[in-house]
Amino acid sequence: MIVAERGFAETKGIEPIARLAGFGVAAVEPGFFGLGPVPAVRKALDRAGWTLGDIERIEINEAFAAVPLAIIKELRIPEDIVNVEGGAVAHGHPIGATGAILTTRLLYSMKRDGLSKGIVTLCIGGGQGIALALEAL
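Written as structure tokens, this is what we have:
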């Protein structure tokens, strides 16, 4: 995965597959770190000018099996758009690479299924959450 300005990518002959429409970084009480993605997703959506209803696919880091379930409940998003190819319980969670892996998995599943708007999000120890709103090109 390469993250670059579109003009730079094009001068190097690299065809962009998505654009970063928005991002969010937030924090919650450290004991509830699994919910850090909730405010982060809301910030990313706000920056992208999207609503929760605009999301067609979402990858939620499954640091623990309960994390995606709690985020689905808090954000009131449909289960069938979340981690459609399985989560970290199935695929693993290589610290330091998980964000890139989830982003790549999200973009390729969106491309395969003809979708345009997706979110990737991770909880981070200490109470942080991060989210990207990505739009397929």
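Positions 19 to 155 (the numbering used here) are the ones given, in order, by the sequence shown.
Heads up, the beta-carbon is just placed ideally off N, CA and C, and yes, glycines get one too.
Note that the structure is a prediction, hence the values are computed from the model and not measured.
>> Using DSSP's beta-bridge definition, name the partner residues of residue 135.
In response: 153
> What residues are listed by DSSP as bridge partners for residue 12?
Replying inline: Residue 12 lies beyond the residue range present for the chain, which begins at 19 and ends at 155; the question has no answer from this structure.
> Hey, does residue 19 have any beta-carbon neighbour from chain C nearer than 8 Å?
Replying inline: Annotation note: the requested chain C is absent from the structure, which comprises a single protein chain.
> With burial defined as no fewer than 16 other Cβ atoms inside 10 Å of the residue's Cβ, what is the status of residue 77: buried or exposed?
Replying inline: So residue 77 counts as buried.
> What's the gap between the Cα of residue 57 and the Cα of residue 43?
Replying inline: 8 Å
>> Quick check on the burial criterion: 16 or more other C-beta atoms within 10 angstroms. Buried or exposed for residue 59?
In response: Counting Cβ neighbours within 10 Å, residue 59 comes out buried, since at least 16 surround it.
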